Structures are given as structure tokens and as C-alpha cells.
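Notes follow the structure.
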Amino acid sequence: MSGNEEKKFGLVADWATLERIFIRPEDGACRKTLVKYMEQILFGLQDFLKDNVGVTEEISLKELTTYYRDTLISPDPEKKLESVISDIITKIAPRAVNVASPYFVGHMTAAIPFFMVHLKTIVAALNQNVIKLETSKVLSVLERQVLAKIHRLIYQRDEGFYQKHVQSIDTTLGAFTTGGTTANLMAMWVARNRFFHGQEGSDRIEDQGVVPAMRARGIERAVILVSKRGHYSLKKAWGILGLGNKNVLPMDVDQYQRMDMKKLESVIKSLSADGKTGIVAVVGIAGATETGTVDPLPDLADLCRERGIHFHVDAAWGGPVLLSERYAPVLRGIERADSVTIDGHKQFYMPMTSGMVFFKDPRALDHIAYHSNYVNREGSVDLGIKSLEGSREANALILDSALKIMGSRGYALMIDHGIETAKAFAAEIEGRAMFELITPPVLNILTYRMIPPGYSRLFADADTDAGRREFLNDYLDELNIYVQRTQREAGKSFVSRTRISPVPGDEKGFVVLRSVIMNPMTTLAVLKEILDEQEGIGRIFFRQNPPPGLVL
Ligand SMILES: *Cc1c(COP(=O)(O)O)cnc(C)c1O
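Everything in the sequence shown is counted per this note's numbering, starting at 627 for the first residue and increasing by one.
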């Protein structure tokens, strides 16, 4: 295009153009395009996604990367707003992933209620920054209220407690974060500073660093204990906090994928024996990422209280189950945790991204308080003082509105549907000769694998022969990887896969297919279709790679 043509099409960076596009769509055509797409997105979200976004696209990652290699920022405008929006809808969306499809049951990211997009838009429009009151005012006050509501859901303290703390200037019940990772980091940050607090010379580890703090306590390392099913964000946290991700010690699980309490107790005993190791925290998982399983929280709470160890519950996934009268008892013991992580963008069905962390002790966050003269002076009520993050959007408004729109009972309908559909799915898997259920759903996640009919007999025959069992599992690994990949590439359905070792003591484990049922539009009929498709793919694999030692 020559310079003149650019001018004619308005593709020029001058003040007049900027004034136009900064404030409103520059012309009628642009407005029409925006209205067309926004109307679809705001009022027909599920249809819009079905029509415009792939479950998975056949295009390879390698090919995709060839289109995204240009690294120069164009000095002049390249496109008008109107065509940028059209491009996003017609070129980007089809190559994104329709996580809202009822057939997309592989991950913890799925459909959200359509009104979440409206709420998110309003939050963006108001553009409040809850780091401080001067940029958020009522939204900081509202955030405190929402935090207190969720705190109450977890800890069930009395009305007097919440009246005292909900808007108190010097106590804090929790914090909003970008997600579970940063929520866990905040919890471990508090646990670390608490652990080292008050020791002569180590006060505070936050100021002096790790070495003098360790020296003052007379220890050489500080550990946290979490089951093997723990989320890797805990390792990140311990690495960032300067205590070494190798010091996140993975504890054995029992056959139900729950923390093995006997083993945990013996590890704690042996760690305590030499006096060189500080045990800063024990983490219980309420809804493990891979299996959805829940650790024995009451037992962990007893143990931690006995030994004065910080008890953290990672309920990033399972926390919202507390809204369900029927299934809340699965999380019994969570109310005794010193800190709790809950994700907003998982089972609170909020848009990406939002997480929260809560503390039983309203003064716990004092351990990580920071002040700065220009933002939040000492004695101010700004939320940025006791938060890992600086500038933040007003996500509390989204959660508060959603709780008003649906009520805890509305949320419970979705939670119960997920758990009950997962249970029905498990029964369906057990009823089919070509599948084996590996971890039954405690909540709404389960793992299973494909197995040729009759193959389990071979395992029985191989009873004590570990080498033979490994050989048999290797074949199943190949089969399940093939099934998962082929189904994903076919583009209609998606389950994920992971490797777990369901037999205590067996380190290598095997490949399993993993389903997360959180979409209210995912029904048993949909799940049966997914299994049917997998069986078809499996049969193709058997033909090409007959199972060793079996005549089909
Ligand atoms: C998802 C998850 C996390 C991490 O949360 P993000 O929001 O992805 O940062 C931590 N713990 C558990 C148990 C999770 O399921």
C-alpha cells in the first residue's frame, strides 16, 4: 500500500485518528461489526462457541508456529479495529479450544455461565484497581465482604466473629489472587514467616533472608510435607521462598490415593529425630488435580495440632463443594486448616483467572504485610498491603454477583451434577469389558484405562512376576496413549491422560485416561459416546498391535 492509500483507509497514526478510535468505533461499519459479534458473544455464548471455536483443530502445532514468527512491531497501524475483531473471530477462535463443549472433559477448564462474560466486561469497563482504596473505593469494601462470605463457608465461625472482622481495618480473612498457584504461594509465605517468627536473630526472615533465620533456629533445612498427588505449585512456592523445591517432600498415598497417615507419622518422627529439619507445613489436598481425591483432613488436623505444624488445605479444586449440602461432608476437617486455597476459575465457574486464599487467624496475613509511602501508608486499609500481587482487577465483583444470581443452591446443582454424573460414568466404565476403572470418583474426577477384553487375566497369572507385569503395562500404556491422542486429533471429544501409580510402592505406575466432569451440559449419554469412540479407536490399535499372549 502506498502512503496515500493508507491515509484513505485511515491506517495512519495521527492525533485525529487516535481521538476517534480511543473514544468510540470510528464509523458505522465498525460499529456494526462490533455489535454483530458482541451480540453473539453476550447473548448466545454457547452457540457462538460451538459455531466458531474448535474442540481441537487438526492443524499441527508445528504448522501454527510458522504463522507466528514476525517479531517487528509495525510503526503504523496495520488494520482497523473492525478487521482486527473479524480476524479474531474467524482466524484465532477456530484454532483455540472450545473448552465449553460437553465433550471436552479432560481438564479443569470448561463452560462458564454466559453472564460471567457480562460481569467480566463490566469489571474491565470500570477498570478498578483494588490494590488501594483510592483506585477502587467500594470495590475494596465489597472484596472484604466476599472474602468473609467464603471464609464463613469454610470456617463456620459465628456472626459475632464476622461482624468484628468483615470490615475491620487491621485484620484480614483472606486475599484474592490470580489463581491456585499464587494462593498456595501466599499460604506457604505466611507459614514460612510464622515458623521463623520470633526466633532471636531471625526476626524477620522476610528482612534478613533465609540463612540467618535457619541459623537462629539451629536447623539446616525447612520442609513441607504433601502427598505425591500434590500440585507442583507447592514446589514453585518453596523454590521462590528460598527453601528449595527438593524440600517439598512427597508422602506416600494409600490405595485410595489419600495421604498415608502411618507413613506420614513415621516420616515426621524420623525428620524430628536429628533436630536439623524444620517441618513448616503439612498440606492436605481437597480434590487432587489428577484424581480428585481428598486427603484425611481430620487426621491431618489432629496431627498438625499435636505438633504445632501449619496445616494448609489445597482446595483449589474441591473448595466450592462446600456449597453442596450433600457433598460438603467429604471436605470435613477443612474448617481446622490454618490456611485454605480455593480457585475461582475452577468450580466457582469464574472466567480466567481468579483464585483465593483464606486464613483461620485474621492476623495471619500480618506476617507478610508490606507498606510503601506512595501507595499504602501504615494504618491504611488498602488491600495491596497484605497481598502477593500488586495491581489487581475487581474479581470479587464477579464472584459476589454470581453468588447472588445462583445462590449456594444453584452452585450446588452444578457440583452435584458433576459428582453424580462422574459416579454414573464410573459404573458405565466398570460395565464395559474394554475398560478398567482405576480411581473411582470421590468428587467429579476419575481415571480409567482401556484394556483388551480378557487381558486382566494375564495380570492375575503374572501375580508375583514384577517384570512380566511391567511388560503387560507397557502394552497398555501404548494403547492408551494411542487412544487418547487419536481421539483428541479427531477433534470431537477430549479426555486427558496422566501417569499414576495406584499400587502403593510401585513407582513407575502406568498411563491412565482422566475425566473431569464439571460442565452441566455433559450428560451420561455424552460420556457413553466418548467411550464408544474410544472403543472404536482401540479396536484399530488391537488389529495393528495384537495384545501379547491373547487371542481376540
Ligand atoms: C489447579 C490447582 C492448583 C493450581 O491452580 P492454578 O489456578 O492453575 O494456578 C493448585 N492445586 C490444585 C489441587 C489444583 O487443582
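Using N, Cα and C, we set each Cβ at its ideal position, and we do this for glycine too.
The model shown is predicted, which means the values in this text are computed figures rather than measured ones.
(request) Please state whether DSSP places F974 in a helix, a strand or coil. (result) Stepping through the sequence shown from its first residue, residue 974 is reached at position 348. Coil at F974, not helix or strand.
(message) I'd like the ranges of any beta strand (DSSP E) spanning at least 3 consecutive residues and lying wholly in the stretch 836-862.
(response) 847-853
(request) Provide the residue(s) that pair with I968 in DSSP beta bridges, ordered along the chain. (result) Here the question's residue 968 lines up with position 342 in the sequence shown. According to DSSP, which records beta bridges pairwise, I968 is partnered with M982.
(request) Compute the beta-carbon to beta-carbon distance between G904 and A848, rounded to the nearest angstrom, for a pair I have assumed lies under 8 Å. (result) As a working note, residue 904 is residue 278 in the sequence shown. As a working note, residue 848 is residue 222 in the sequence shown. That pair is a contact at about 4 Å.
(message) Measuring straight from C-alpha to C-alpha, what distance separates R1075 and D1042?
(response) For this step, residue 1075 is matched to residue 449 along the sequence shown. For this step, residue 1042 is matched to residue 416 along the sequence shown. Approximately 25 Å, taken between the alpha carbons.
(request) Give me the Cα-Cα distance between S762 and I1024, rounded to the nearest whole angstrom. (result) Your numbering for residue 762 matches position 136 in the sequence shown. Your numbering for residue 1024 matches position 398 in the sequence shown. Spanning the two alpha carbons is a distance of roughly 15 Å.
(message) Whole angstroms are fine: how far does the CA of F1085 sit from the CA of L890?
(response) Reading the sequence shown from its first residue, position 264 is the one you call residue 890. Reading the sequence shown from its first residue, position 459 is the one you call residue 1085. If you take the alpha carbons of L890 and F1085, they lie about 30 Å apart.
(message) Cutting at 8 Å between CB atoms, please list the residues of its own chain near G629, excluding the five before and the five after it.
(response) The residue given as residue 629 occupies position 3 in the sequence shown. Confidence in G629 is poor, its pLDDT being 47 and thus under 50, which makes the residue's placement too unreliable to answer from.
(message) Please state whether the Cβ-Cβ distance between T917 and I1071 is less than 8 Å.
(response) Counting from one through the sequence shown, the residue named residue 917 turns up at place 291. Counting from one through the sequence shown, the residue named residue 1071 turns up at place 445. Yes, they are a contact pair.
(request) Look up Y694 in the DSSP assignment and say whether it is helix, strand or coil. (result) Counting from 1 along the sequence shown, the entry for residue 694 is found at position 68. Coil, per DSSP.
(message) Under 7 Å: does the beta carbon of G805 sit that close to some heavy atom of ligand 1?
(response) As a position in the sequence shown, residue 805 is number 179, starting the count at 1. Answer for G805: yes, Cβ within range of ligand 1.
(request) Quickly, what does DSSP pair R1140 with across the bridge? List them, please. (result) Within the sequence shown, the letter at position 514 stands for residue 1140. R1140 pairs with T1073 and S1122.
(request) Could you tell me which of A719, T716, L668 and T735 sits nearest to V725, measuring between CA atoms? (result) Position 99 of the sequence shown, counting from 1, holds the residue named residue 725. For the residues A719, T716, L668 and T735, the minimum Cα distance to V725 belongs to T735.
(request) Check the DSSP bridge columns for T735 and list the partner residues they point to. (result) Mapped onto the sequence shown, residue 735 falls at position 109. BP columns for T735 are empty, so no partner.
(message) I'd like the ranges of any alpha helix (DSSP H) spanning at least 4 consecutive residues and lying wholly in the stretch 865-914.
(response) 887-899
(request) Quick one: grab the DSSP three-state call for G800. (result) For this step, residue 800 is matched to residue 174 along the sequence shown. Of the three classes helix, strand and coil, the one that applies to G800 here is strand, per DSSP.
(message) I'd like to confirm something about T917: is its beta-carbon nearer than 7 Å to some heavy atom of ligand 1, or not?
(response) As a working note, residue 917 is residue 291 in the sequence shown. No.
(request) Output the distance between the C-alpha atoms of N753 and L1102, rounded to the nearest integer angstrom. (result) Translated into positions along the sequence shown, residue 753 becomes position 127. Translated into positions along the sequence shown, residue 1102 becomes position 476. Going by the C-alpha atoms only, they are around 52 Å apart.
(request) Let me know if H997 comes out buried or exposed under the rule of 16 or more other beta-carbons within 10 Å of its beta-carbon. (result) The sequence position of residue 997 within the sequence shown is 371, counting from 1. Exposed, because fewer than 16 other Cβ atoms sit within 10 Å of the Cβ of H997.
(request) Write down every uninterrupted run of the alpha helix (DSSP H) in the stretch 642-690 whose length is 4 residues or greater and which is fully enclosed by it, in chain order. (result) 654-669 and 671-678
(message) I need the DSSP call for F740, collapsed to helix, strand or coil.
(response) Your numbering for residue 740 matches position 114 in the sequence shown. DSSP places F740 in coil when its eight states are reduced to three.
(request) Have a look at Q1170 and I1163 and give me their C-alpha separation to the nearest angstrom. (result) Start at 1 with the first residue of the sequence shown, and residue 1170 comes out as number 544. Start at 1 with the first residue of the sequence shown, and residue 1163 comes out as number 537. Rounded to the nearest angstrom, the two C-alpha atoms are 11 Å apart.
(request) Evaluate the contact criterion for the stretch 767-781 versus the stretch 798-805: three or more CB pairs, one atom per stretch, below 8 Å. (result) yes
(request) With DSSP collapsed to three states, give me the class of E1062. (result) As a position in the sequence shown, residue 1062 is number 436, starting the count at 1. Residue state, collapsed to three classes: strand.
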